[in-house]
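In the numbering used here, the protein residues as written are 1256 to 2011.
Written out as structure tokens, the structure is:
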């Protein structure tokens, strides 16, 4: 094994290690011509006890919060030695050398296995996702990923202490990371825009018909508002994971928040590697679609058939209309993919925050990439259990929902009618809008003429004086001069205003095909004057209806028995924001209701706060569109429609799992053949590397044996899975096949980063 360098400040040391079976595993650090005073064993494969570095390596794998300082203090306590801070520094330096040795050995193994080609890791990280076979059934989406950012892994900027950062030229070793230069190529492609019409913003009262749901998410704000605290050099990380939660890519958010450039850079890489028919879940996939289409990736996204959606959890905090378009439940081909894989990763990576907050840039990258490597290994070990659990859940859903839904032909129509209803509430009918605008234009023209007439009369009165006045006590010339100046200003601007009003009236008359202008007070004018008032009333009522309808559907999600505490809390927060918008809509409605003839009764927040379904909202019967009698608005039909789409999801999940199980079996079989062949070749050419590869394959083969047992259990218990390719492994009777349910991440843990 060649030497490797360790840098600390301006000093460097050359490290030499021997990996042959017959040589000592000890590694020493030599600094100049001085004899070393400290030597730390970095490997002891020939011994029964693990070395210090390898022990910490594995301990930190299962407990990310376990730091170098904790390891040093533990050893000091065991050996009755007073703890000294320099011991932590020595252990950290030795661990850097140890990780470097592992990395170089890994490079040699990858070269022997021909796994050093570009994008090899991305194409083989998850065999269930990316090990595509010939003649397999066509899926709606060839690959499914989720993308999200997390700001728990902030890194402190050392310059705030008034000191310069230690010079360290080492770079991140893993290909998880997208280089900052690549990310910056997409800088500025998201055009800043001020979102002044967002739905739940209480201040957005100038446009009550808006239907955006993006205001509640911080990462939909204009780019200029996504600023980071100046004390941090990196805010966190932005990652992409597959549907089986393997980490694919990552980039660090440098001195910025969750900007669009990070997402665009990751999507560019994913589209390059995985190609067409992909889908990606993102918290604000609905809002980001426009940004993606306007970016340089837009043409390629359209050509490859790529689409965005929102995650199942985040989707329930979006408004109802957005859910119909972007929630995975209503997108064909998603199956039971939740689109929240990043949150599972963050629930584990958040434990690294304490140990990396003040780390150097290199150690920050090293710790995170080591954690991701451990995470992917754990996900591979649990992959067959993931497939079996999803298969069992999908078959159970098919069985239960099929029995509950006897007639299912009308459910797609219910969804279309609901979608059309929510769309119709955004605007008044076209004819009503033109008539209202014509009446308003006539009123404006009459007002301009009245102002001109009144100003002329008042001016004449001031110039000539009051009638019957015989004596003028004060000279009128100063007031006359100022009056003439004001008159000139008025004459200068009044023709423009009158001309504008006249042109507007003529323009609307052309649209309405009016032969003769309506007279103010005439029958036509009075008829549409009342229509204008009703139009304003309907606008206020439609806005109130829209907000209440979405509130009722989201309340129905809160009442489901399977909704967890954190999900209920997230939906409740969204409902609280919507409640403020409802109060503003009530005020606008009451103003317009009183202006009608006869006046409509006022309503209060108390009248609608306790409604649990649309049928109780009696106010809707006074609307332009009565939805109370529609089937899709009835609670029983709403629940049945949701079950119908979940049944479709379950069938899609079974189809996808059939494909993924075959992919995993084939990948294991191919891997065994290739690895065994490489080991035989290395035993002749490089025995040391052969023994190292045998050690790696021993662990991998044990995991694959468990996978084979579990997948064989699927074929024995499920009839419709079809043929599964089986591998020639060791006799399964000789393998301990005791099932251990993989611990699922606690939902409450990984939701903290969202709720906060």
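Where a beta carbon is used, it is the ideal one built from N, C-alpha and C, also for glycine.
Inter-residue Cα distance where the pair is residue i and residue j
i            : j            : result
residue 1396 : residue 1373 : 24 Å
residue 1370 : residue 1383 : 18 Å
residue 1359 : residue 1348 : 17 Å
residue 1903 : residue 1590 : 8 Å
residue 1556 : residue 1798 : 35 Å
residue 1386 : residue 1490 : 35 Å
residue 1989 : residue 1421 : Here the model assigns residue 1989 a pLDDT of 34, short of 50, so the residue's position is not dependable, and the following value carries that caveat. Distance between the alpha carbons of residue 1989 and residue 1421: 55 Å.
residue 1619 : residue 1952 : 30 Å
residue 1512 : residue 1705 : 56 Å
residue 1962 : residue 1321 : 31 Å
residue 1954 : residue 1610 : 29 Å
residue 1516 : residue 1599 : 23 Å
residue 1785 : residue 1851 : 8 Å
residue 1507 : residue 1435 : 8 Å
residue 1651 : residue 1905 : 9 Å
residue 1606 : residue 1623 : 11 Å
residue 1595 : residue 1646 : 19 Å
residue 1378 : residue 1520 : 18 Å
residue 1342 : residue 1929 : 44 Å
residue 1547 : residue 1563 : 9 Å
residue 1632 : residue 1795 : 56 Å
residue 1668 : residue 1892 : 11 Å
residue 1923 : residue 1627 : 22 Å
residue 1834 : residue 1691 : 30 Å
residue 1937 : residue 1944 : 7 Å
residue 1439 : residue 1630 : 28 Å
residue 1764 : residue 1693 : 7 Å
residue 1536 : residue 1443 : 23 Å
residue 1932 : residue 1571 : 51 Å
residue 1427 : residue 1625 : 11 Å
residue 1441 : residue 1545 : 15 Å
residue 1364 : residue 1340 : 37 Å
residue 1316 : residue 1401 : 24 Å
Close-in-space but distant-in-sequence residues of the same chain around residue i (CB under 8 Å, 5 per side omitted)
i            : result
residue 1392 : 1910, 1913 and 1914
residue 1608 : 1407, 1408 and 1409
residue 1526 : 1533, 1552, 1555, 1556, 1559 and 1561
residue 1579 : 1585, 1670, 1673, 1674 and 1677
residue 1854 : 1848
residue 1487 : 1409, 1410, 1411, 1412 and 1510
residue 1859 : 1841
residue 1724 : Confidence is the limiting factor: at residue 1724 the pLDDT is only 46, short of 50, which leaves the residue's position unreliable and the question unanswerable from this model.
residue 1792 : 1844, 1847, 1848, 1850, 1851 and 1855
DSSP beta-bridge partners of residue i
i            : result
residue 1923 : For residue 1923, which the question treats as bridged, DSSP gives no partner whatsoever.
residue 1632 : Note: residue 1632 sits in no beta bridge, so no partner.
residue 1205 : The question about residue 1205 has no answer, for the chain in this structure spans 1256 to 2011.
residue 1564 : 1536
residue 1410 : 1489
residue 1432 : 1505
For residue j and residue i, believed in contact at Cβ under 8 Å, the rounded distance
i            : j            : result
residue 1934 : residue 1948 : 5 Å
residue 1760 : residue 1660 : Wrong, their Cβ atoms sit about 57 Å apart, outside the cutoff.
residue 1965 : residue 1640 : 6 Å
residue 1543 : residue 1518 : 7 Å
residue 1346 : residue 1323 : 5 Å
residue 1597 : residue 1541 : Residue 1597 to residue 1541, Cβ: 17 Å. No contact.
residue 1656 : residue 1901 : 6 Å
residue 1423 : residue 1617 : 5 Å
residue 1621 : residue 1354 : 7 Å
residue 1405 : residue 1492 : 6 Å
residue 1695 : residue 1771 : The Cβ separation is near 19 Å, so there is no contact.
Residues near residue i in its chain [Cβ-Cβ closer than 7 Å; skip 5 each side]
i            : result
residue 1338 : 1327, 1328 and 1331
residue 1895 : 1660 and 1666
residue 1700 : 1756, 1757 and 1760
residue 1499 : 1381, 1383, 1384, 1634, 1638 and 1641
residue 1430 : 1376
Cβ neighbours of residue i in the same chain (closer than 6 Å, five flanking residues each side left out)
i            : result
residue 1773 : 1779 and 1780
residue 1399 : 1498, 1534 and 1592
- Query: Whole beta strand (DSSP E) runs in the stretch 1498 to 1538 with 3 or more residues, listed along the chain?
  - Reply: List check, beta strand (DSSP E) in window: 1502 to 1509 and 1533 to 1536.
Exercise for review: Output the residue ranges of the alpha helix (DSSP H) runs that lie fully inside the stretch 1576 to 1611 and measure 4 residues or longer, sorted by chain position.
Suggested key: Complete alpha helix (DSSP H) runs here, min 4: 1596 to 1604 and 1608 to 1611.
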